[in-house]
Amino acid sequence: MVTTEHPPSRLRAWMLEGLSDMGKHGGVTGPHAEPEPPHKGQRWWRVMCLTGVDYFSTLGYQPGIAALAAGLLSPIATIVLVIVTLAGALPVYRRVAEESPHGEGSIAMLERLLSFWKGKLFVLTLLGFAATDFLITITLSAADASTHLVENPHLTSVLHGYQMVITLFLVALLGAVFLKGFLEAIGVAVALVGIYLALNVVVVAVGIWHVVTAEHVVTDWANALTAEHGNVFVMIGVALIVFPKLALGLSGFETGVAVMPHVRGDASDTEAHPRGRIRDAKKLLTTAAVIMSCFLIATSFITTLLIPENEFKPGGQANGRALAYLAHQYLGGAFGTVYDASTIAILWFAGASAMAGLLNLMPRYLPRYGMAPHWARAVRPMVIVFTLIAFLVTWIFDASVDKQGGAYATGVLVLISSAAIAVTIAARKAGQRRWTVLFAIIAVVFLYTTVVNVLERPDGVKIGACFIAGIILVSLLSRLARAFELRVTSVTMDPMAERFVRDMASRKMRFIANEPDRRDKAEYRDKIEQIRADNDMPEQDDFVFLEVTVTDPSEFEAGLSVRGEVMHGRYRVLSVESASVPNALAALLLHVRDFTGCTPHIYFEWTEGSPFANFLRFFLFGQGEVAPVTREVLREAEPDRDRRPRVHTG
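Numbering (our numbering), first residue to last: -14 to 635.
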């Protein structure tokens, strides 16, 4: 009877489109188009706009959050934020740009400092906070966009009470765009950022004009400030205390480093030394920080002086939309509506940029660790997962900008703190004492800010902990499910190894799996005698030893380099280094079979001890009960039993 294999359904094929290319070297690992050719790309100021849709869009809600957190002290607290931005975050990320010019960011810098499982768990923890940052960017931006829509004077009577529905619709629309296929358009980002900043310049200029022409406004503010806080030193002290609540204004730096591969740089740049790209990325980071700092100070000043305090509170017309309130108040409904439309567009596009960053971040690490399900390497299933999570977060926080501020700030601050620690260690390793001290001070400042933010608004760390727990759980289950894959990307043999294999191909190919210990003559002699006795084999049979040295068992897959050597003048040995003994042996046996066309045999001895304990040793340390695991890896890799290498255990 002839059986036909039914092709996968159209829905499944569409959902997993591009899966075979995901995770491969040079393959697309996110929703973007193929990367630019070497030394090509975009001018740095254009790429800055790609960062700006995330960074500059915070002007939509930052002044209102600052007013709620600091009250009359909002301008002074914002100045503290700007000082920390220009003297802290900016130098840190300029150094990150030097250390990771290919967009890896601070997570990759810290990953290199730690090995084995502790390094993987540390990276998974940071990925949890990064996921918090990106997902809250999506939900908070959508919530603020819906706020601008609902509070528009022309629409408020129709849309009032539907903010949750509108926010969920915007999140769903974002997911639908990615399901269809999203090409990160720098040109769109340039247009959005240009229009948005131009409109903000108009609002700021008009606001400053009203402050200057109405002299009593400044006088009333100064008198109220003095009456509430006394002298200047108390004001500065209180501003320093409330500064952590304004940490949303620090968002965007991690994105600025992530988009570095899009920066054109110089024609003389190489992948190993992209000096022009690094220089222009520093320009990108500096220019964005200076522009944002000017806007933060100006907008905080005019909103605090011109908007009544009650309007900032939940239910007030300026809550989550302080600048839009001024635009409608002083420039009329037509300009205000245009400003609302521009704000909604850039906030929505900030969510799109965050989704793209999220989809690119996870494949950079998890598949390499073997900690992603097979379908997670395709874009569309992950879009659905992240969209559903965004729905849940929106529902939990009631589509409120104020309620999500703490979670967003936590994600941002943890990433900036990790970057500060990474550059401190990098400077110390480079022997740069002054930079080490400076970066250490900056790291302390950001760690303090992070701790204060977590203590005052624990929602962020709770959500981050949920993401961390979810990522670790899914990662370990995925690693467990994929434990019996070959996990070897390629096998190469040196000339001596090829000579051994060719010589064996003329007769029965027999290998002995040997755990390298002393590697003296007695070890190899006793091993052969034991294998012959256990399997009742004649003395004339010839053997080649296979030895695997375990390197980092937390790694998942890598290439296999086979080295042939003759030990003690008579024992032929094929030596390899790998993260796992059984997987390396299985991959080598299949390669030998394909290389010679003959079926190899491999001989093991049983390992003493509990099978469960031995399996844990294999899962965590790449060793354990090697024989049955090698056979299982071969069984999964080669379904044809007649072509499968033979495994013997005595």
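All C-beta atoms in this analysis are idealised placements derived from N, C-alpha and C, irrespective of residue type, glycine included. Nothing here was measured: the structure is a model prediction, and the numbers come from that model.
Contact under 8 Å by Cβ, residue i with residue j
i: Thr395; j: Val437; result: no
i: Leu71; j: Ala273; result: no
i: Thr584; j: Pro630; result: yes
i: Arg472; j: Glu542; result: yes
i: Ile337; j: Val156; result: According to the sequence displayed, residue 337 carries Ala and not Ile. Against a cut-off of 8 Å, the Cβ pair of Val156 and Ala337 comes out as no contact.
i: Val535; j: Gln608; result: yes
i: Gly318; j: Ala392; result: no
i: His586; j: Arg495; result: yes
i: Ala428; j: Ala405; result: yes
i: Thr211; j: Leu44; result: no
i: Gly611; j: Val566; result: Note on identity: in this sequence residue 611 is Val, with Gly being the wrong assignment. Result yes, Cβ atoms of Val611 and Val566 sit closer than 8 Å.
i: Asn137; j: Leu308; result: no
i: Ile144; j: Ile151; result: The sequence given here has Leu at residue 144, not Ile. In contact: Leu144 and Ile151 (Cβ atoms closer than 8 Å).
i: Phe107; j: Leu120; result: no
i: Gly305; j: Val378; result: no
i: Leu545; j: Ala569; result: yes
i: Leu332; j: Ile50; result: no
i: Tyr556; j: Leu270; result: no
i: Leu109; j: Ile457; result: yes
i: Ser539; j: Phe101; result: yes
i: Val178; j: Gly37; result: yes
i: Leu235; j: Ala74; result: yes
i: Glu296; j: Tyr315; result: no
i: Ala174; j: Leu343; result: no
i: Met340; j: Ile123; result: yes
i: Ile282; j: Ile61; result: no
i: Leu573; j: Val632; result: no
Which residues DSSP lists as bridging residue i, in chain order
i: Ser546; result: Thr477
i: Leu556; result: It should be pointed out that residue 556 corresponds to Tyr in this sequence rather than to Leu. According to DSSP, which records beta bridges pairwise, Tyr556 is partnered with Met552.
Residue i in three-state terms, based on DSSP
i: Leu531; result: strand
i: Tyr147; result: coil
i: Ile497; result: strand
i: Val632; result: strand
i: Val248; result: strand
i: Gln27; result: strand
i: Arg442; result: coil
i: Thr289; result: helix
i: His(-9); result: Confidence is the limiting factor: at His(-9) the pLDDT is only 49, short of 50, which leaves the residue's position unreliable, though a coordinate-based value still follows. Reduced to three states, the DSSP call for His(-9) is coil.
i: Asn520; result: helix
i: His10; result: Bear in mind that a pLDDT of 38 at His10, under 50, signals an unreliable position, so the number given afterwards is only what the model happens to contain. Note: His10 maps to coil in three-state DSSP.
i: Lys298; result: coil
i: Arg349; result: helix
i: Ser142; result: helix
i: Asp325; result: helix
i: Glu19; result: Bear in mind that the predicted position of Glu19 carries a pLDDT of just 40, short of 50, making it unreliable; the figure below should be weighed with that in mind. Three-state result, Glu19: coil.
i: Ala341; result: helix
i: Phe382; result: coil
i: Arg467; result: coil
i: Phe376; result: helix
i: Gly237; result: coil
i: Pro538; result: coil
i: Ser131; result: helix
i: Glu483; result: helix
i: Arg503; result: coil
i: Leu398; result: helix
i: Gly305; result: coil
i: Leu97; result: In the sequence as displayed, the identity of residue 97 is Arg instead of Leu. Reduced to three states, the DSSP call for Arg97 is coil.
i: Gly317; result: helix
i: Ser460; result: helix
i: Leu619; result: helix
i: Asp625; result: coil
i: Asp254; result: coil
i: Ala490; result: coil
i: Glu508; result: helix
i: Ala415; result: coil
### Task
Give, in chain order, every unbroken run of the beta strand (DSSP E) that is at least 3 residues long and sits entirely within the segment 558 to 602.
586 to 589
### Task
Give, in chain order, every unbroken run of the alpha helix (DSSP H) that is at least 4 residues long and sits entirely within the segment 154 to 222.
171 to 198 and 200 to 214
### Query
Does the segment 86 to 99 come close enough to the segment 236 to 243 to have 3 or more Cβ pairs within less than 8 Å?
yes
### Query
Should the segment 108 to 118 be called in touch with the segment 291 to 303, which here means at least 3 C-beta pairs below 8 Å?
no
### Query
Counting Cβ pairs, one atom from each stretch, are 3 or more of them under 8 Å apart for the segment 49 to 61 and the segment 253 to 268?
no
### Query
Of all the alpha helix (DSSP H) runs that stay within the bounds of the segment 42 to 91, which reach a length of 4 or more residues?
47 to 55, 59 to 69 and 75 to 84
### Message
Quick test of the definition: if touching needs 3 or more C-beta pairs under 8 Å, does the segment 526 to 533 touch the segment 454 to 467?
### Response
no
#### Entry: Stretch pair the segment 25 to 42 + the segment 189 to 204: three plus CB contacts closer than 8 Å
no
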